[in-house]
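Encoded structure:
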C-alpha cells in the first residue's frame with residue numbers, strides 16, 4: 003500500500019502543474035490515495051490534502067465554474083459540476099478514512 007501512496011502523491015504533484023487536466027489527475031490520485039488511506043499511509047494523506055488544495059485554491063476557474071449557477075454559452079458544463087464535486091468528495095472521504103482508522107501498534 004506504500005506504493006499506492008507514492009504514486010498518488012506523484013500524480014497529485016503533476017496535477018498541480020498541469021492546466022485543465024489537473025482535475026483528472028486529482029481524481030485518479032484521490033482514488034489511489036483512498037485505497038491506501040485505510041492503512042494510515044502518510045503519503046496518501048499528503049496526496050489527498052494536496053489534491054484538495056489544488057481543486058479549491060489553485061484552480062479558481064474550475065471552482066467558480068463548479069459553484070456558478072450560470073450556464074456557459076460556449077461549452078456544456080452541466081456534467082462538469084458533478085465531476086468536480088465528486089472528485090472533491092473523494093478527497094474528503096480520504097481524509098475522513100485516514101482520521102477514522104487507528105494507528106497500528108507494534109507489540
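Numbering (the working numbering), first residue to last: 3 to 109.
Yeah, the Cβ is synthetic: ideal placement off N, Cα and C, and Gly gets one too.
How close, in whole Å, do the beta carbons of residue 34 and residue 59 come, if the pair is a contact with beta carbons under 8 Å? Along the chain shown, one-based indexing puts residue 34 at 32. Along the chain shown, one-based indexing puts residue 59 at 57. The pair is not a contact, with the Cβ atoms about 22 Å apart (cut-off 8 Å).
Using only the alpha-carbon positions, how far apart do residue 38 and residue 14 sit? Walking along the chain shown from the start, residue 38 turns up at place 36. Walking along the chain shown from the start, residue 14 turns up at place 12. Answer to the nearest angstrom: the Cα atoms are 15 Å apart.
Taking only the alpha-carbon atoms, compute the straight-line gap between residue 45 and residue 53 and give it to the nearest angstrom. As a working note, residue 45 is residue 43 in the chain shown. As a working note, residue 53 is residue 51 in the chain shown. Using only the alpha carbons, I get a separation of about 12 Å.
Tell me, to the nearest whole angstrom, how far the beta carbon of residue 99 is from that of residue 40; I am working on the premise that it is less than 8 Å. Along the chain shown, read from residue 1 onward, the residue named residue 99 stands at position 97. Along the chain shown, read from residue 1 onward, the residue named residue 40 stands at position 38. Confirmed, about 6 Å.
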